[in-house]
Structure formats: structure tokens, C-alpha cells
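Each remark here refers to the structure printed beneath this line.
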Amino acid sequence: MKKTASAIWQGGLKDGKGLLSTESGALKQNPYGFNTRFEGSPGTNPEELIGAAHAGCFSMALSMMLGEAGLTAERIDTAAEVTLDKLADGFAITAVHLVLRAKVPGASEAQFLEIANKAKEGCPVSKVLNAKISLDAALVG
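In the numbering used here, the protein residues as written are 1 to 141.
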């Protein structure tokens, strides 16, 4: 399976503007730029998209692994906080912190945490990131 996305950029780093699109059309010429990445202006940015991809991938991996254990989640809520740091040789994504709150009938806390940690390690997006990945996971009523 292969999926594609594209970016168009025009101009310099700080005054330039870009557009992001995905093969599926979920993103279609969505604006991004220095202002959306570093100054909080409306639009998206690469770190936000990586966070969404990681949260989605992790949630699906968790669902699969819960199913393998005979469990089905009523709800999986995952947030991903992506850290972009300035290093000596430029910028790098150094960490992703996943916050998971899930309702999984019949799961014990220990079983849930074991499966959640396996999902953190096994999710394809986790495997591609060269960053410290941490997880705060909890069952909710």
C-alpha cells in the first residue's frame, strides 16, 4: 500500500506560503507557512499533521490489539503532543507524548496498560519517528 500527499511552496521561509493536499482529498490545498507553524495563525503545519497521524495510527493499533485479547473499546480518545526543538544542527521533532483515555468494558487496568504500551511500540507511525515517544494511558468509566 502506498499513499501520497503533496506540498506547493512559493516564496521565502518567513514570507512564503504553502498548500498541502492528500491523495484522498481530506486535505485539499490547505494553507501552511511560517506563520501557521511558529506564530499560531490559522492553517496547519507538519507537526500538527504528524500528531494527527500518530494519534490515529496508535488508536487503530490499540483497537486491533484489544480485539486480539478479546476486548472491544467503546471509545478510544488519543491526543498527540509533538515537540519541535531547535538543535545545534537545525530543528528536529524530538518527542511525541500520547495521552490516551479509553473506555474498554471488561479490561483490567494492568491488561489495558500492557496492551496500550504494545500499541505505542507497534504502531507504524511510532516506528518511523526518530523521537522519544511517551504514553499517559488511563481507563475511564
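Glycine residues also receive a C-beta, built at the ideal position from the N, C-alpha and C atoms.
Segment limits, beta strand (DSSP E) that includes residue i
i    : result
Q111 : From DSSP, Q111 is part of no beta strand (DSSP E) but of the alpha helix (DSSP H) over E109 to G122.
T69  : Checking the sequence, you will find Ala at residue 69 rather than Thr. Note, A69: premise wrong, no beta strand (DSSP E); not H, not E.
Q29  : Taken as a continuous stretch (DSSP letters only), Q29 belongs to no beta strand (DSSP E), as it is neither H nor E.
A131 : Careful: A131 lies outside any beta strand (DSSP E) and carries neither H nor E.
D15  : Note, D15: premise wrong, no beta strand (DSSP E); not H, not E.
K103 : G90 to K103
Option in the options with minimal Cα separation from residue i
i    : options                  : result
L139 : L66, L84, L100 and C123  : L100
A52  : L19, K118, K132 and S126 : S126
A73  : V82, A80, S63 and L19    : S63
G141 : D85, E109 and M65        : E109
V104 : L71, L49 and F38         : L71
G33  : I50, L27 and G12         : G12
D133 : G40, H54, L20 and K14    : It should be pointed out that residue 133 corresponds to Ile in this sequence rather than to Asp. Among G40, H54, L20 and K14, the Cα nearest to that of I133 is on H54.
First and last residue of the uninterrupted alpha helix (DSSP H) at residue i
i   : result
T36 : F34 to F38
Exposed unless 16 or more other CB atoms sit within 10 angstroms - verdict on residue i
i    : result
T78  : buried
I8   : exposed
G90  : exposed
A26  : exposed
K14  : exposed
A102 : buried
Cβ pair residue i, residue j closer than 7 Å
i    : j    : result
A137 : A95  : no
M65  : K118 : yes
E81  : H97  : yes
C123 : F38  : no
G40  : P31  : no
S6   : S21  : yes
L84  : E47  : yes
Beta carbon proximity, residue i to chain C, threshold 7 Å
i   : result
F34 : In the displayed structure, chain C is absent; only one protein chain is listed.
Residues that residue i bridges to, as DSSP identifies them
i    : result
T83  : A95
T22  : A5
A138 : R101
I76  : A102
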